[in-house]
Amino acid sequence: MPGHPCSTSRHCAGTALAPCTAPSSAPAMAATVSVSWPDPGLIGAISPDRVLHDDVYWIAEPLPAYHRRRVAIPGDAAHAMTPHLGQGACQAIEDAVVLASVAGPGTPATAPADATAPANGAGPDLAAYTAARLPRTRMVANGSYRATRLSGMTSPAAIALRNTGIRLAGRLAPSLMLRQMDPLASWTPPAPAGAS
Ligand SMILES: Cc1cc2nc3c(=O)[nH]c(=O)nc-3n(C[C@H](O)[C@H](O)[C@H](O)COP(=O)(O)OP(=O)(O)OC[C@H]3O[C@@H](n4cnc5c(N)ncnc54)[C@H](O)[C@@H]3O)c2cc1C
Numbered sequence: 013m014p015g016h017p018c019s020t021s022r023h024c025a026g027t028a029l030a031p032c033t034a035p036s037s038a039p040a041m042a043a044t045v046s047v048s049w050p051d052p053g054l055i056g057a058i059s060p061d062r063v064l065h066d067d068v069y070w071i072a073e074p075l076p077a078y079h080r081r082r083v084a085i086p087g088d089a090a091h092a093m094t095p096h097l098g099q100g101a102c103q104a105i106e107d108a109v110v111l112a113s114v115a116g117p118g119t120p121a122t123a124p125a126d127a128t129a130p131a132n133g134a135g136p137d138l139a140a141y142t143a144a145r146l147p148r149t150r151m152v153a154n155g156s157y158r159a160t161r162l163s164g165m166t167s168p169a170a171i172a173l174r175n176t177g178i179r180l181a182g183r184l185a186p187s188l189m190l191r192q193m194d195p196l197a198s199w200t201p202p203a204p205a206g207a208s
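Offset between the sequence shown (1-based) and my numbering: plus 12.
Structure follows, in structure tokens:
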């Protein structure tokens with residue numbers, strides 16, 4: 013924000029479903045985000061060169077597997093998702109836990125000379141990694157996309173309906189609202205390979 017160098021800085025952030033060619037002026041971007049900005053005049057006063065605009069990409073069509081032969085991919089490389097459930101990094105951490113589990117103790121840390129060579133049966137069971145992670149990350153990514161659609165509404169009527177529904181559900185059935193998070197929060201790490 014322009015102003016005295018000692019003034020506190022302010023920032024507004026929002027994400028919206030929009031084509032990658034979305035305009036980068038602050039008012040035009042603010043119009044794509046379905047929230048009431050506290051001070052619309054403030055938004056209008058921001059010069060275009062002060063606006064940070066980063067496109068967010070996600071993998072819409074799931075990959076068929078998260079491994080091939082001796083190579084496994086975790087995190088966004090495997091299942092980049094929209095940010096509206098705040099789950100991308102959480103899922104990456106779960107990937108790491110499962111990978112560590114299938115690798116087990118004693119798995120050589122050094123890569124083989126040809127990482128794409130067929131596994132000879134002695135390496136980690138990466139098919140088990142894909143089997144454990146692909147369905148769960150798809151479930152989370154789909155839920156995140158639904159949340160993105162919900163938060164990206166632009167019709168005032170739809171926004172009012174959504175906000176009223178969420179407010180009512182929060183008051184009338186808070187435990188039901190919390191249970192929506194069960195599939196995310198109830199994940200249990202696998203036992204380490206070799207553990208009895
Ligand atoms: C707006 C927004 C909000 C989010 N909020 C949340 C949240 O609240 N909770 C949550 O869990 N997740 C959230 N996420 C998602 C989270 O940021 C990502 O899912 C997470 O960072 C993915 O981690 P990663 O290690 O797989 O990939 P990255 O974080 O993308 O890390 C990959 C790294 O590899 C580097 N790299 C790429 N190519 C090469 C190369 N050839 N050589 C060397 N290095 C390379 C990159 O520079 C990068 O540092 C959010 C995402 C966005 C966009």
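C-beta: ideal position from N, C-alpha, C; glycine also.
Its chain contains THR94 as the residues whose beta carbon lies nearer than 6 Å to that of TYR157, once the 5 sequence neighbours on both sides are disregarded; these appear in chain order. Looking at the DSSP output, VAL83 shares a beta bridge with ARG80. Per the coordinates, the alpha-carbon of ALA72 lies some 12 Å from the alpha-carbon of MET151. Burial check for ILE105: the Cβ neighbour count within 10 Å stays below 16, so the residue is exposed.
With distances taken between CA atoms, GLN103 lies nearest to HIS91 out of ASP61, ASN175, SER167, HIS91.
Remark: fewer than three beta-carbon pairs, one from each stretch, lie closer than 8 Å, so the segment 108-116 and the segment 52-71 are not flagged as touching. Per DSSP, TYR69 is not a residue of any alpha helix (DSSP H), being assigned neither H nor E. Nearest neighbour of ALA139 by Cα position, chosen from GLY100, VAL83, GLY164, ASP51, turns out to be VAL83. Contact annotation, ARG174 with LEU190: C-beta distance approximately 19 Å; criterion of less than 8 Å not satisfied. GLY53 is positioned such that its CB atom lies no closer than 7 Å to that of LEU97.
Assignment of MET189 by DSSP, reduced to helix, strand and coil, places it in the helix class. For GLN103, the enclosing alpha helix (DSSP H) covers residues 100-115.
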